[in-house]
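Residue numbers (the UniProt record's numbering): 1 to 195.
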């Protein structure tokens with residue numbers, strides 16, 4: 001599931017939780033402090049289980065960081081499926097025809113993954129890390145709508161479905177937003193060899 005190619009020394013990322021927002025530094029030596037947002041010497045094993053989302057642009061390193069944090073904190077990691085998407089290649093060939101189908105399929109996958117991670121935290125007491133969430137999904141739908149690849153009717157359908165699905169969903173304890181330059185993200189995506 002998680003592969004460790006190298007330890008990435010993260011610099012800055014945004015920190016969001018239910019109570020505040022701040023910018024903090026994450027290095028390979030203080031994962032648990034940065035994740036919780038405290039300058040603390042408390043060991044990660046004694047912290048309560050949390051549902052943590054790692055967000056950011058494509059190619060920013062969400063999966064890599066989620067895997068590194070999961071190992072360090074003994075959390076279970078829930079990675080977004082990237083190779084089983086039946087619409088992604090079709091979307092790149094004909095965006096107008098497949099944008100809504102792609103968006104609905106991805107939303108369904110992210111929703112299922114989020115519910116599974118939430119249940120895991122509540123039932124096991126072990127924390128969970130996700131490398132993308134159902135909450136950021138709307139960004140992609142909005143971009144497709146603005147570009148005209150999702151119709152007004154399709155976009156309204158997506159928004160209504162999303163609103164209904166998320167109305168009773170628990171919010172995450174922590175959201176980490178990774179901020180890396182678009183150039184770096186582009187280089188990383190091209191280096192993957194995926195569509």
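Idealized CB from N, CA, C, for every residue including glycine.
> For the alpha helix (DSSP H) that residue 158 lies in, which residues bound it at each end?
Replying inline: Position 158 of the chain shown, counted from the start, is the residue given in the question as residue 158. For residue 158, the enclosing alpha helix (DSSP H) stretches over residues 152–166.
> Apart from the five residues just before and just after residue 105, which ones in its own chain have a Cβ nearer than 8 Å to its Cβ?
Replying inline: Here residue 105 refers to the residue found at position 105 of the chain shown. Closer than 8 Å at the Cβ level, and outside the excluded window around residue 105, lie 85, 86, 87.
> Taking all protein chains shown into account, do 16 or more other C-beta atoms lie within 10 angstroms of the C-beta of residue 168, making it buried, or fewer, making it exposed?
Replying inline: Start at 1 with the first residue of the chain shown, and residue 168 comes out as number 168. Exposed, since its Cβ has fewer than 16 Cβ neighbours within 10 Å.
> What does residue 78 pair with, by DSSP beta-bridge criteria?
Replying inline: Here residue 78 is taken as the residue at index 78 of the chain shown, counted from 1. Paired residues: 130.
> If you draw a straight line from the C-alpha of residue 75 to the C-alpha of residue 148, how long is it?
Replying inline: The residue labelled residue 75 in the question sits at position 75 within the chain shown. The residue labelled residue 148 in the question sits at position 148 within the chain shown. C-alpha separation (whole angstroms): 40 Å.
> What number of angstroms, rounded off, separates the C-alpha of residue 187 from the C-alpha of residue 59?
Replying inline: For the purposes of this step, residue 187 is identified with residue 187 of the chain shown, where counting begins at 1. For the purposes of this step, residue 59 is identified with residue 59 of the chain shown, where counting begins at 1. Their Cα atoms are separated by approximately 8 Å.
>> Taking its Cβ as the centre, do 16 or more other Cβ atoms sit within 10 Å of residue 93, making it buried, or is it exposed?
In response: Counting from 1 along the chain shown, the entry for residue 93 is found at position 93. Classification of residue 93: exposed, given that the 10 Å Cβ count is below 16.
> For residue 122, is the classification buried or exposed, using 16 other Cβ atoms within 10 angstroms of its Cβ as the cut-off for buried?
Replying inline: In the chain shown, the residue the question calls residue 122 occupies position 122. Exposed.
> Is residue 118 helix, strand or coil when you go by DSSP?
Replying inline: Walking along the chain shown from the start, residue 118 turns up at place 118. Of the three classes helix, strand and coil, the one that applies to residue 118 here is helix, per DSSP.
>> Along the chain, where does the alpha helix (DSSP H) containing residue 191 start, and where does it finish?
In response: Residue 191 sits at position 191 when you count from the first residue of the chain shown. Run containing residue 191: 182–192, per the alpha helix (DSSP H) assignment.
>> Checking 9 Å against the spacing of the C-beta atoms, do residue 177 and residue 56 come in under that value?
In response: The residue you call residue 177 lines up with position 177 of the chain shown. The residue you call residue 56 lines up with position 56 of the chain shown. Cβ distance < 9 Å, so residue 177 and residue 56 count as in contact.
> If you follow the alpha helix (DSSP H) that residue 88 is part of, which residue opens it and which one closes it?
Replying inline: Here the question's residue 88 lines up with position 88 in the chain shown. Start and end: 88–93.
> From which residue to which residue does the alpha helix (DSSP H) around residue 64 run?
Replying inline: As a position in the chain shown, residue 64 is number 64, starting the count at 1. Looking at the DSSP string, the run of the alpha helix (DSSP H) that includes residue 64 is 62–73.
>> Can you list, in chain order, the residues of its chain with a C-beta nearer than 6 Å to that of residue 95? Leave out the 5 residues immediately preceding and following it.
In response: Taking the chain shown and counting its residues from 1, one reaches residue 95 at position 95. Cβ within range, chain order: 149.
>> Let me check understanding here. Comparing Cα to Cα, which of 78, 151, 152, 100 lies closest to residue 112?
In response: Sequence index remark: in the chain shown, residue 112 carries index 112 (1-based). Nearest option by C-alpha distance: 78.
>> I need the DSSP call for residue 113, collapsed to helix, strand or coil.
In response: The residue labelled residue 113 in the question sits at position 113 within the chain shown. Reduced to three states, the DSSP call for residue 113 is helix.
> DSSP state of residue 124, grouped into three classes?
Replying inline: Counted from its first residue, the chain shown places residue 124 at position 124. In this structure, residue 124 counts as helix in the three-state DSSP scheme.
> Which term fits residue 164, buried or exposed, when burial requires 16 or more other beta carbons within 10 angstroms of its beta carbon?
Replying inline: Along the chain shown, read from residue 1 onward, the residue named residue 164 stands at position 164. When all chains shown are included, residue 164 counts as exposed.
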